[in-house]
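Take a look at the structure set out below.
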Amino acid sequence: AALAPTSAAAAAFTCEASVLSGTIATAPAIEPLITGRGEACKTASVGLPNLSAPLGIVGINALAGATSLVGDPNRQDLQQAVAGTSIADIKIGSLGGLGLPLPALPLPALPAQTIDISAITGPLNGLTAPIIGGLLGPITGGTLIPLGLNLPTSVDVDINAAVQQLLKLPNTDVLKVKAATTLAGASCLNGSPVTAGSSTLAGVSVLGNELNVDTIGDQAILDTQQVNLANLDPNLITIPTLDGLTGSLLTTVTAQVNALVLDTLKALPPISVPVDLLRVQVSPGSQAKTATSLTQNGPGIRISALGQPVVDLQLGQSKVGTAGVDCTPPKPPTKAEIVAAAQAAEEKAAQAAEEKALQGAAPVSAAAAALACTTQRLVLTDVVAKGSRVRIFGVADKRFAGQTVKVVFEADGKTAARAKVQASGEFLTTAKLPTKKLRSSNKARYRAQIGTERSRNLKLARRLFIDRARASGGRVRLVGHVTGPLGAPLQTITLTRRVSCKKSVVVKRFKPRKDGTFSVLVEAPEGAKAQVYRFGTKVRKTRANKKLFPTFTLPTGVDLT
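So the sequence shown is residues 1 to 561, counted in the numbering used here.
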């Protein structure tokens with residue numbers, strides 16, 4: 001055919017969609033929705049209304065993926081392969097519920113807090129004579145306060161360990177994304193495969209703050225934390241020791257200094273601690289392209305907390321492939337091919353019109369088909385010698401049902417047999433076989449008669465016969481034989497089927513067995529209830545005469561229902 005594809009062995013387009021993939025905390029990797037992987041591109045889809053319970057802190061409202069192949073199935077140069085994904089309303093919830101242990105973060109050294117303790121140490125440094133108790137309140141055991149003390153009037157307090165203990169992850173939704181999509185496509189352009197892809201990301205907010213997706217990149221979202229010094233654990237605050245004091249005096253003075261330090265810290269405003277507690281990376285998507293494929297990666301979400309990976313998700317991936325695809329358009333048909341195609345189309349249209357016209361005549365049975373193309377209402381359909389009898393088959397108009405048909409042997413003009421017309425219009429009878437000399441002559445002919453209605457006569461001696469015709473399962477089996485002497489070499493037998501009263505079409509050509517018998521199986525026309533078949537071939541008249549003469553079977557109607 002002039003318009004056939006240039007390469008029947010060309011590979012197919014491929015298209016694949018993966019809606020979501022990645023890892024969450026320490027759970028195994030996920031990829032819940034995939035279509036088209038490892039197979040030729042076809043139209044298919046996958047989806048879920050929501051995905052939350054299996055993912056813990058991650059919730060997604062709707063996920064969908066689809067692939068499609070459109071265009072002429074016989075022309076790759078006119079096809080288009082597409083893959084796409086979409087995700088709506090993604091939420092990364094509070095990380096506090098993950099129970100991540102707080103490691104010793106590499107905090108920048110916080111400046112020491114200088115606390116004035118002169119109200120406590122000043123009086124001790126000013127003594128010129130030893131005293132016992134009294135100055136600092138009751139001192140157990142009558143402790144002697146020595147002379148010449150040089151206690152500090154202020155202390156530098158190290159609060160780093162206490163601040164570390166107060167650092168916490170935020171107890172609120174970390175990230176929200178309204179929508180993310182990917183799209184990849186492949187087709188042919190100017191005889192070569194081409195690919196293209198895109199991805200979108202919309203509505204990104206972190207800790208409730210709307211962000212510009214084009215500039216977010218990789219950044220520490222929570223890089224400072226306010227610490228209320230009133231909440232510091234006293235046991236984790238490092239206060240320098242006071243040299244020169246011993247015993248209960250040391251205990252008393254230290255307790256007073258500690259109390260003063262805590263009171264002073266509580267009065268200070270909260271401090272901002274620079275620390276990388278939460279890091280969020282949102283990428284708008286990427287594309288990987290080779291000579292025969294395109295992979296459109298969707299937006300990526302990566303979240304780490306306290307230096308540990310928590311979420312690493314890719315929001316969709318669409319992929320198309322063109323390896324082995326033949327984008328060469330078929331060669332334009334030659335002038336001769338155009339003319340031949342036009343003639344074939346014209347013949348096909350004419351044949352279809354004739355078949356439709358014939359079907360309109362409603363040959364709903366073999367009997368009706370035998371009468372469809374004649375004005376006669378009484379027809380002999382076959383006369384066959386069988387043993388010592390002649391079997392005679394015929395069809396009459398249904399108005400003759402129940403009436404008697406006379407079969408006349410024209411060699412002597414006498415009634416050779418009688419038969420009753422059945423409700424279907426068919427009739428069957430037998431007659432005595434004529435003498436050997438007469439049976440092969442041109443005079444051995446039979447005709448049917450009902451009143452004034454007469455059929456055409458049929459000759460008994462013929463060379464080509466249909467012995468049996470039967471339809472089953474949408475096919476027709478025709479069994480017959482051709483009598484010798486046969487042509488040398490064996491001549492082809494042609495089977496035709498009547499499509500109109502003026503035209504028949506060739507159904508099959510074949511050669512008989514060496515003994516002249518044959519059996520053929522052909523498809524029955526779709527929708528038809530009855531058909532008329534006929535065989536034709538060439539035979540030798542005598543063994544001595546090698547010249548070939550045409551011979552035919554009688555038209556035979558076959559019920560197809």
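Ideal Cβ positions, reconstructed from N, Cα and C, are used throughout, including at glycine.
Since we're looking at a predicted model, the values are computed, not measured.
How long is the line joining the alpha carbons of residue i and residue j, rounded to whole angstroms?
i: Glu-39; j: Ala-368; result: 54 Å
i: Gly-65; j: Thr-14; result: 15 Å
i: Asp-233; j: Gln-281; result: 34 Å
i: Leu-249; j: Pro-269; result: 33 Å
i: Ser-68; j: Ser-205; result: 33 Å
i: Gly-71; j: Gln-79; result: 4 Å
i: Thr-295; j: Gly-197; result: 8 Å
i: Gln-359; j: Ile-466; result: At Gln-359 the pLDDT is 47, less than 50, meaning the model places this residue with poor confidence; the figure from the coordinates comes in the next sentence. About 24 Å.
i: Cys-327; j: Pro-32; result: 34 Å
i: Pro-49; j: Asn-297; result: 22 Å
i: Ala-29; j: Ile-303; result: 15 Å
i: Gly-59; j: Ser-286; result: 23 Å
i: Gly-324; j: Lys-547; result: 59 Å
i: Tyr-533; j: Leu-428; result: 20 Å
i: Thr-264; j: Ala-119; result: 13 Å
i: Arg-497; j: Glu-426; result: 21 Å
i: Leu-236; j: Leu-124; result: 28 Å
i: Leu-486; j: Lys-331; result: 48 Å
i: Lys-398; j: Phe-552; result: 28 Å
i: Thr-200; j: Thr-23; result: 22 Å
i: Gly-137; j: Val-257; result: Bear in mind that the predicted position of Gly-137 carries a pLDDT of just 48, short of 50, making it too unreliable to give a figure here.
i: Gly-191; j: Glu-16; result: 24 Å
i: Leu-207; j: Thr-153; result: 45 Å
i: Lys-562; j: Thr-252; result: Any answer about residue 562 is impossible in this case: the structure gives the chain only from 1 up to 561.
i: Ala-530; j: Gln-376; result: 19 Å
i: Lys-335; j: Leu-495; result: 33 Å
Could you tell me the boundaries of the beta strand (DSSP E) in which residue i lies?
i: Ile-301; result: 300-305
i: Gly-536; result: 530-540
i: Gln-449; result: 445-450
i: Asp-326; result: Asp-326 -> no beta strand (DSSP E), and no H or E assigned at all.
i: Thr-556; result: 556-559
i: Phe-518; result: 517-523
i: Ala-230; result: Per DSSP, Ala-230 belongs to no beta strand (DSSP E) and is neither H nor E.
i: Gly-316; result: Run containing Gly-316: none; DSSP gives neither H nor E here.
i: Val-479; result: 475-482
i: Gly-47; result: 44-48
i: Gly-203; result: 192-206
Can you tell me which of the three DSSP states residue i falls into?
i: Glu-410; result: coil
i: Asp-564; result: Beyond the ends of the chain as shown, which are 1 and 561, falls residue 564; an answer cannot be given.
i: Ala-361; result: Because the pLDDT of Ala-361 is 44, which lies under 50, any placement of that residue in the model is unreliable, and the question is left without a value.
i: Ile-338; result: helix
i: Leu-69; result: strand
i: Lys-502; result: coil
i: Phe-13; result: coil
i: Asn-74; result: coil
i: Glu-31; result: coil
i: Leu-278; result: strand
i: Arg-417; result: With the sequence shown as reference, residue 417 is identified as Ala, and Arg is not the correct amino acid for it. Of the three classes helix, strand and coil, the one that applies to Ala-417 here is strand, per DSSP.
i: Arg-389; result: strand
i: Arg-509; result: strand
i: Arg-463; result: coil
i: Pro-54; result: Because Pro-54 sits at a pLDDT of 49, beneath the cut-off of 50, its placement in the model cannot be relied upon, and the point is left open.
i: Ser-455; result: coil
i: Leu-250; result: helix
i: Leu-63; result: strand
i: Leu-175; result: strand
i: Gln-80; result: strand
i: Gln-422; result: coil
i: Ala-161; result: helix
i: Ser-496; result: The displayed chain sequence assigns Thr, not Ser, to residue 496. DSSP places Thr-496 in strand when its eight states are reduced to three.
i: Thr-553; result: coil
i: Ala-372; result: coil
Would you mind reading off the limits of the alpha helix (DSSP H) that contains residue i?
i: Gly-122; result: 118-125
i: Arg-439; result: 436-439
Measure the beta-carbon distance from residue i to residue j and round it to whole angstroms, keeping in mind my assumption that it falls under 8 Å.
i: Val-520; j: Phe-510; result: 6 Å
i: Leu-378; j: Arg-454; result: 7 Å
i: Ala-419; j: Phe-409; result: At roughly 14 Å, the Cβ-Cβ gap does not stay under 8 Å, so Ala-419 and Phe-409 are not in contact.
i: Asn-457; j: Arg-445; result: 4 Å
When every heavy atom of the ligand NAD is checked, does at least one fall within less than 8 Å of the C-beta of residue i?
i: Leu-48; result: In terms of ligand content, the structure shown is empty, and the ligand NAD therefore cannot be addressed.
Is it a yes or a no for the stretch 470-481 touching the stretch 437-452, going by three-plus beta-carbon pairs under 8 Å? Taking 8 Å as the limit for Cβ pairs, the verdict is that the stretch 437-452 does not touch the stretch 470-481.
Segment contact, 8 Å Cβ cut-off, at least three pairs: the stretch 530-543 with the stretch 487-500: As far as the Cβ criterion goes, the stretch 530-543 touches the stretch 487-500, which means the pair count is three or higher.
Across the stretch 75-93 and the stretch 303-319, are there enough close Cβ pairs to call them in contact, namely three or more that are closer than 8 Å? yes
How about the stretch 422-438 and the stretch 463-474: do they share at least three Cβ pairs that are nearer than 8 Å? no
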